[in-house]
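Encoded as structure tokens, the structure appears first; notes follow it.
In structure tokens:
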């Protein structure tokens, strides 16, 4: 925007400019618009404006643009909760020291209706909270039972698996022991046969030599 001839302004500069414009507009509003018996600012010439000590050159288009801000205080609800505006004090403020009394039966009825409404709402909240607590309790019971059943099934499965494994191990051990016994018996039988064979061979070998020696010793023929 500086290239197009506009002055560079910071945020603080713009804020100060806005405050100055608002001060000028409020001055015009107080002295020339809301003042009774005086012509409008836009109907005044330069001299009356100077006499009123208001800005002499305030654009009407700018005034219209700022009008919403100038009228802002008029839409505030500062006295919304004032005592004279409350339903229970429709008769106006009381000068007595006692508590204000309703001016008609309608105000009392409104008060009772409000109390009944609050009581009904409180009862509904209590019933809702109780129902939620019941649902939570029942849900916890169901969940606990489901966990107990799952734990019981799991333990039963572990016991069954352990029993099956022990049985299979026992049967396998028995079969292996039987096989080892058979092998041992076969080995013992083989050793017995081997011993018998060695004995036969030794007897045959020893008996042949004794007969030859006996024949030599008993032969009467000369050498």
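Numbering (the UniProt record's numbering), first residue to last: 1 to 223. Glycine included, C-beta positions come from ideal geometry on N, C-alpha and C.
- Message: Taking 8 Å as the cut-off, does the segment 17-27 touch the segment 38-46 (at least 3 CB pairs, one atom from each stretch)?
- Response: By the criterion of at least three beta-carbon pairs nearer than 8 Å, the segment 38-46 is not in contact with the segment 17-27.
- Message: Quick check on residue 32: buried or exposed, where buried means 16 or more other Cβ atoms within 10 Å of its Cβ?
- Response: With 16 or more Cβ atoms within 10 Å of its Cβ, residue 32 is classed as buried.
- Tell me the start and end of each unbroken alpha helix (DSSP H) in the segment 20-76 that is at least 4 residues and wholly inside, in chain order. Taking only runs of at least 4 residues, the alpha helix (DSSP H) segments lying wholly in the segment 20-76 are 46-51, 60-70.
- Task: Give the secondary structure of residue 15 by DSSP, where H, G and I count as helix, E and B as strand, and everything else as coil.
- Result: Secondary structure of residue 15 (DSSP, three-state): helix.
- Query: Taking three-plus beta-carbon pairs below 8 Å as touching, is the segment 56-69 in contact with the segment 22-32?
  - Reply: These segments touch.
- Item | residue 12 to residue 54 span [Cα, whole Å] | Residue 12 and residue 54 have their C-alpha atoms some 25 Å from each other.
- Which of helix, strand or coil DSSP assigns to residue 170: In the structure shown, residue 170 sits in a helix (DSSP, three-state: H, G or I).
- Query: By Cβ distance, which residues of its chain are closer than 7 Å to residue 149, with the 5 residues on each side in sequence left out?
  - Reply: Hits under 7 Å: none found.
- Hey, how far is the Cα of residue 175 from the Cα of residue 185? Taking the straight line joining both Cα atoms gives about 15 Å.
- Message: By the three-class DSSP mapping on this structure, what secondary structure does residue 10 have?
- Response: The answer is coil: DSSP assigns residue 10 none of H, G, I, E or B.
- For the candidate residues 51, 47, 29, whose alpha-carbon lies nearest to that of residue 67? Among 51, 47, 29, the Cα nearest to that of residue 67 belongs to 29.
- Message: Distance check for residue 65 and residue 14, CA to CA, integer angstroms please.
- Response: Approximately 16 Å, taken between the alpha carbons.
- 8 Å CB neighbourhood of residue 50 in its chain, flanking five on each side removed: Cβ neighbours of residue 50 within its own chain (closer than 8 Å, five residues either side excluded): 56.
- Among the residues of its own chain, which have a CB less than 6 Å from the CB of residue 179, if the five just before and after it don't count? Cβ contact annotation for residue 179 (same chain, cutoff 6 Å, sequence separation greater than five): none.
- Message: I'd like the list of long-range same chain contacts for residue 145, defined as Cβ closer than 8 Å, with 5 residues on each side in sequence excluded.
- Response: Nothing meets the Cβ criterion.
- Distance, Cα to Cα, residue 123 vs residue 117? Distance between the alpha carbons of residue 123 and residue 117 is about 10 Å.
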